[in-house]
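Enquirer: Sequential numbering from 17 applies to the sequence shown in our numbering.
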Amino acid sequence: EALLQRSVKQSMTPLLYRHLQSDATRWQRVPEVMRMQLEQIYHRNIQRNRLLLAELDQLFAGFNTAEVPVILMKELHLLHTVYQDPGLRPLGDLDLLVPPSDFERAKALLHEAGYFPQLPANPFKNKYGFGYHFINHEKNIWIDLQCNLSQREWSQGAERNREFRAPIDDVWKRALFG
17 EALLQRSVKQ SMTPLLYRHL QSDATRWQRV PEVMRMQLEQ IYHRNIQRNR
67 LLLAELDQLF AGFNTAEVPV ILMKELHLLH TVYQDPGLRP LGDLDLLVPP
117 SDFERAKALL HEAGYFPQLP ANPFKNKYGF GYHFINHEKN IWIDLQCNLS
167 QREWSQGAER NREFRAPIDD VWKRALFG
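(1) Grab the span of the alpha helix (DSSP H) containing D73 for me, first residue to last.
(2) How many whole angstroms separate the CB atoms of T29 and S23, which I take to be in contact at a CB cut-off of 8 Å?
(3) Determine the contact status of A191 and L161, defining contact as a CB-CB distance below 8 Å.
(4) Keeping to the same chain, check which residues put their C-beta closer than 7 Å to that of K143; ignore five residues upstream and five downstream.
(5) Would you mind stating whether L31 and L104 have Cβ atoms separated by less than 8 Å?
(6) Grouping DSSP H, G and I as helix and E and B as strand, with all else coil, what is D118?
(7) List the endpoints of the continuous alpha helix (DSSP H) containing L36.
(8) Straight-line CA distance for H35 to L94?
(9) On the criterion of 16 or more Cβ atoms from any shown chain inside 10 Å, does D111 qualify as buried, or is it exposed?
(10) Taking just the CA atoms, how far does I157 sit from F132?
(11) Would you mind sorting N80 into buried or exposed? The rule is 16 or more other CB atoms within 10 Å of its CB.
(12) Under three-state DSSP, which class holds L107?
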């Protein structure tokens, strides 16, 4: 039970399921109730991921038509590069990076696709945050649209405040599309 709870907290339950299931002897030692829970979580995850990936394909068609380049980020990138099975990595939202020069066009494309921003325009957030969160309420899909790779850590002590800022132009120069 503790292992299952920890795997859920770490977003690793589908991977745990696959690992345990891959060895019949090990799988039989898992209590039946836990096997059922692991299997249900895996199947719900693969269903959700397929929905998100189908939506991503539709969004990419719009971005491609408008000639707005997109880089997949975080779990979405891992799902396409590391995991062989789309059900093994839970996706909470779709994290997309677009060039700063295309950010406004990307926001408009998302709006046309039924996505609405969850935060008002905020220049401070653009400088120190990751971007805008959009939601399509009908589909219950969240998108985190980003135009930079910066993050500021906030804490009580001034010595703990740090900012990370990636050289975004270099990121785009080295990006591989295919």
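Just so you know, even glycine gets a beta-carbon here, dropped at the ideal spot from N, CA and C.
Expert: Let's see:
(1) E48 to T81
(2) 4 Å
(3) no
(4) For K143, the predicted structure reports a pLDDT of 47, less than 50, and the residue's modelled location is therefore unreliable. A value from the coordinates is still provided. Contacts found: none.
(5) yes
(6) helix
(7) T29 to Q37
(8) 18 Å
(9) buried
(10) 11 Å
(11) exposed
(12) coil
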